[in-house]
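Colleague:
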Amino acid sequence: MSTELPSAATSAVDLPQLSRSLRPAAKPPVRIVHLGLGAFHRSHQAWYTHQAGDAADWGIAAFTGRRPDAALALAEQDGLYTVVERADGGDSFTVVSSIVEAVDGADMQRLAELIAAPATAVVTLTITEAAYRLGADGKLDRTAADVVADLALLEAGNGTPTTPLGRLVLALAARRTAGSGPLAVVCCDNLSNNGTVAHNALVGMAGAWDESVAEWIDATISFVSTSVDRITPRTTEADLAAVEAGCGYRDNFPVVAEPFTNWVLSGDFPAGRPHWEDAGAVFVDVIEPYENRKLWLLNGAHSLLAYAGQLRGHSTVAQALADPVCLGAVEAFWDEAQANLAGAEGAAADLQIPAYRAALLARFSNARIAHHLAQIAMDGSTKLRMRAVPVLRAERAAGRSGAAAALMIAAWMDYSAAVAEVRDPLADGVAAANRLSGAERIQALLELVDPVLAADGGVVDLVEGLCGTFGKRSVSR
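Per our numbering, the sequence shown starts with residue 540, numbered consecutively.
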């Protein structure tokens, strides 16, 4: 889908603002509702929808999370924004037009209207791993303060839920009342078997409020699992200037991403979907090997670099990877992860793990993508459950130490003690554990990540011995 842009030679004083007037076209109808309007959604799912051959039939209404800022910024540009693909050799630009409504997430009335509409066929989610409010046992934590508050609002029948789960449950209840039939919920967060996670979280929230709504969701709504991949750093003022220089217009809300992108999906779309395969999306029957490859090799390496890198004074992925100590830790973890990926059905033939590792090294080394370690380090207690724990458990079950996976957890522990403020859904528990010392501290922190590992004295000793590997310098934001 081509986009004609003004000449970059236009005087800066006369630069037009990116808006629909720059590319007149009828907006496609809303058939996708997205929760979690942020940079990754705009560089990934919205980009795929824009590239689909039937994009004219699939508009996205995207709702923000905690704050309305993104909706306000996009609304000023009538939903249009620029994706800047940043490669070592230079930038390329695409104006994406698939978001036709950008809405404050607190607008519960509009969310319910759209999800209840018969035309709506797909709901996509990028609400972060922590937003599913899973406990260490993998089930919805009904004691979480915001979950308790939302359940009270749902029970009272007034007020606006504050969590994505509460909002979506209420909107799906409206669809049930309207008799609009099935749709697909597509989870795009970095969780293993994320479609099942989304199902269990939503049904758990609904069941705590109204069992009949939970039963309807379970029987009617399809939950699609995905593996998503595109490095998308935060946008800077320099990025805005690059768009002005390269495109000849002002875009106050562009998104920067690496050229690489990947989307693997598994599940049913009972009300239809865009032709995402036109942009390279892959549909598979069994997604677990692809999920694990991405969660362990890419996301696992990111978490390891986030904690080890900051402890060694680095601020970006590229800087940390250039440090031989950090690189060695990543390679050792990849060796452990690969040993267990190779055992998955079809993995050795289909996943091309050596080539994937080589590609990751090239992607991580792209110094023009300033992927900040502090951003990756957030929500460690949740992320480690998917990125380090499965590899460590598998290694121990095979009779090996799992030291490389344990080192990721140890680095998180050191980081949690070095940083002034831990941004984590279990921040209070992390702070309490860090007031302890020795093996007692290690066990308390492990308990937050995986109670089974915390009960294993050998694992506690292993992690304790690895703490301090990367130093214990103070980490500032």
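For each residue, glycine too, the CB sits at the ideal point set by N, CA and C.
Quantities reported herein were computed from a predicted structural model and do not represent experimental measurements.
1. Per DSSP, which one or two residues make a beta bridge with E640?
2. Please determine if the stretch 755 to 773 and the stretch 579 to 592 are in contact, where contact requires at least 3 C-beta pairs separated by less than 8 Å.
3. Using three-state DSSP, classify Y788 as helix, strand or coil.
4. At a cut of 8 Å, does the stretch 719 to 736 reach the stretch 823 to 840 through at least three beta carbon pairs?
5. Counting Cβ pairs, one atom from each stretch, are 3 or more of them under 8 Å apart for the stretch 742 to 754 and the stretch 701 to 716?
6. Counting along the chain, where does the alpha helix (DSSP H) carrying N831 start and finish?
7. Quick check: the Cα distance between A883 and P828, rounded to an integer number of angstroms?
8. Return the Cβ separation of F762 and G806 in integer angstroms, given the expectation that the two are a contact with Cβ distance under 8 Å.
9. Using the beta-carbon count (16 or more within 10 Å), is P893 buried or exposed?
10. Any idea what DSSP makes of C727, helix, strand or coil?
11. For L673, write down the residues that DSSP places opposite it in a beta bridge.
12. What's the gap between the Cα of A691 and the Cα of L613?
13. Tell me the rounded alpha-carbon separation between D790 and R932.
14. If you compare alpha carbons, which of G852, L843, D817 is closest to E870?
15. Nearest to S560 by CA position, among W597, Q616, A610, is which residue?
16. Can you confirm whether the stretch 734 to 741 touches the stretch 667 to 678 when touching is taken to mean that 3 or more C-beta pairs between the two stretches lie within less than 8 Å?
17. May I ask you to list the residues that DSSP assigns as paired with W802?
18. Determine the direct distance from the alpha carbon of L975 to that of E960, and round the result to whole angstroms.
19. Measure the CB-CB distance between A978 and L985 and report whether it falls below 7 Å.
20. Considering only C-alpha positions, which residue in the set A966, L711, S764 is nearest to V742?
21. Confirm, please, whether the CB-CB distance from L557 to A609 is below 7 Å.
22. Expressed to the nearest angstrom, what Euclidean distance is found between the alpha-carbon atoms of K566 and H580?
23. Could you have a look at F872 and say whether DSSP puts it in helix, strand or coil?
24. What's the C-alpha gap between R926 and V991?
25. Do C865 and G852 have their C-beta atoms closer together than 7 Å?
26. At which residues does the alpha helix (DSSP H) containing F903 begin and terminate?
27. To which residues of the same chain is W755 closer than 7 Å at the C-beta, ignoring the five residues directly before and after it?
28. Please state the DSSP three-state secondary structure of R851.
29. Looking at C-alpha atoms only, which residue of V623, D593, E797, T921 is the closest neighbour of N905?
30. By the 10 Å Cβ neighbour count, where 16 or more other Cβ atoms means buried, how is G787 classified, buried or exposed?
31. Pick from H910, V794, S719: whose alpha carbon is nearest that of E652?
32. Give the straight-line distance between the Cα atoms of S854 and L1001, rounded to the nearest whole angstrom.
33. Quick check on DSSP: helix, strand or coil for G629?
34. With a threshold of 16 other CB atoms inside 10 Å of the CB of A578, please say whether the residue is buried or exposed.
35. Based on DSSP bridge pairs, tell me the residues matched to Q556.
36. So, helix, strand or coil for F808, using DSSP?
Modeller: Judging by the given coordinates:
1. As a working mapping, residue 640 is identified with position 101 in the sequence shown. The partner list for E640 (beta bridge, DSSP) reads A600.
2. With the cut-off at 8 Å, the stretch 755 to 773 and the stretch 579 to 592 touch.
3. If you number the sequence shown from 1, residue 788 lands on position 249. In this structure, Y788 counts as coil in the three-state DSSP scheme.
4. They touch, by the three-pair rule.
5. yes
6. One-based indexing of the sequence shown puts residue 831 at position 292. That run of the alpha helix (DSSP H) goes 827 to 831.
7. Translated into the one-based positions of the sequence shown, residue 883 becomes position 344. Translated into the one-based positions of the sequence shown, residue 828 becomes position 289. Any reading at A883 must be qualified, since the residue scores a pLDDT of 48, below 50, and its modelled position is unreliable; the value itself is stated next. Cα-Cα distance, rounded: 6 Å.
8. Translated into positions along the sequence shown, residue 762 becomes position 223. Translated into positions along the sequence shown, residue 806 becomes position 267. Rounded, the Cβ-Cβ distance is 6 Å, consistent with contact.
9. Taking the sequence shown and counting its residues from 1, the one referred to as residue 893 is at position 354. Result: exposed.
10. For the purposes of this step, residue 727 is taken as residue 188 along the sequence shown, with counting starting at 1. Coil.
11. By 1-based counting over the sequence shown, the position of residue 673 is 134. The partner list for L673 (beta bridge, DSSP) reads L679.
12. On the sequence shown, position 152 is the one that residue 691 refers to. On the sequence shown, position 74 is the one that residue 613 refers to. Between A691 and L613, the C-alpha separation is close to 33 Å.
13. One-based indexing of the sequence shown puts residue 790 at position 251. One-based indexing of the sequence shown puts residue 932 at position 393. When rounded, the distance between both Cα atoms is 47 Å.
14. Taking the first residue of the sequence shown as 1, we reach residue 870 at position 331. Considering only alpha carbons, the answer is L843.
15. Taking the first residue of the sequence shown as 1, we reach residue 560 at position 21. Ranking W597, Q616, A610 by Cα distance to S560 puts Q616 first.
16. yes
17. Position 263 of the sequence shown, counting from 1, holds the residue named residue 802. Under DSSP, W802 forms a beta bridge with V767.
18. The sequence position of residue 960 within the sequence shown is 421, counting from 1. The sequence position of residue 975 within the sequence shown is 436, counting from 1. Whole-angstrom Cα-Cα distance: 17 Å.
19. Mapped onto the sequence shown, residue 978 falls at position 439. Mapped onto the sequence shown, residue 985 falls at position 446. No. Outside cutoff.
20. Within the sequence shown, numbered from 1, the residue matching residue 742 stands at position 203. Checking every option, the nearest Cα to that of V742 belongs to L711.
21. Here residue 609 refers to the residue found at position 70 when the sequence shown is read from its first residue. Here residue 557 refers to the residue found at position 18 when the sequence shown is read from its first residue. At least 7 Å separates the beta-carbon of A609 from that of L557.
22. The residue labelled residue 566 in the question sits at position 27 within the sequence shown. The residue labelled residue 580 in the question sits at position 41 within the sequence shown. Distance between the alpha carbons of K566 and H580 is about 19 Å.
23. Mapped onto the sequence shown, residue 872 falls at position 333. Three-state DSSP puts F872 in a helix.
24. Your numbering for residue 926 matches position 387 in the sequence shown. Your numbering for residue 991 matches position 452 in the sequence shown. Distance between the alpha carbons of R926 and V991: 16 Å.
25. Taking the sequence shown and counting its residues from 1, the one referred to as residue 865 is at position 326. Taking the sequence shown and counting its residues from 1, the one referred to as residue 852 is at position 313. In this structure, G852 does not lie closer than 7 Å to C865 by Cβ.
26. The residue you call residue 903 lines up with position 364 of the sequence shown. That run of the alpha helix (DSSP H) goes 892 to 903.
27. Counted from its first residue, the sequence shown places residue 755 at position 216. Taken in chain order, the residues that qualify are R715.
28. Here residue 851 corresponds to residue number 312 of the sequence shown, with the count starting at 1. In the structure shown, R851 sits in coil (DSSP, three-state: anything other than H, G, I, E or B).
29. Against the sequence shown, residue 905 aligns to sequence position 366. Cα-wise, what sits closest to N905 is E797.
30. Working through the sequence shown from its first residue, we reach residue 787 at position 248. G787 should be labelled buried.
31. Residue numbering aside, residue 652 sits at position 113 when the sequence shown is read from its first letter. Nearest option by C-alpha distance: S719.
32. For this step, residue 854 is matched to residue 315 along the sequence shown. For this step, residue 1001 is matched to residue 462 along the sequence shown. The alpha-carbon atoms of S854 and L1001 are separated by roughly 28 Å.
33. Locating residue 629 in the sequence shown gives position 90, counting from the first residue. Note: G629 maps to strand in three-state DSSP.
34. The residue given as residue 578 occupies position 39 in the sequence shown. When all chains shown are included, A578 counts as buried.
35. In the sequence shown, the residue the question calls residue 556 occupies position 17. Beta-bridge partners of Q556 (DSSP): R789.
36. Numbered from its first residue, the sequence shown carries residue 808 at position 269. Of the three classes helix, strand and coil, the one that applies to F808 here is coil, per DSSP.
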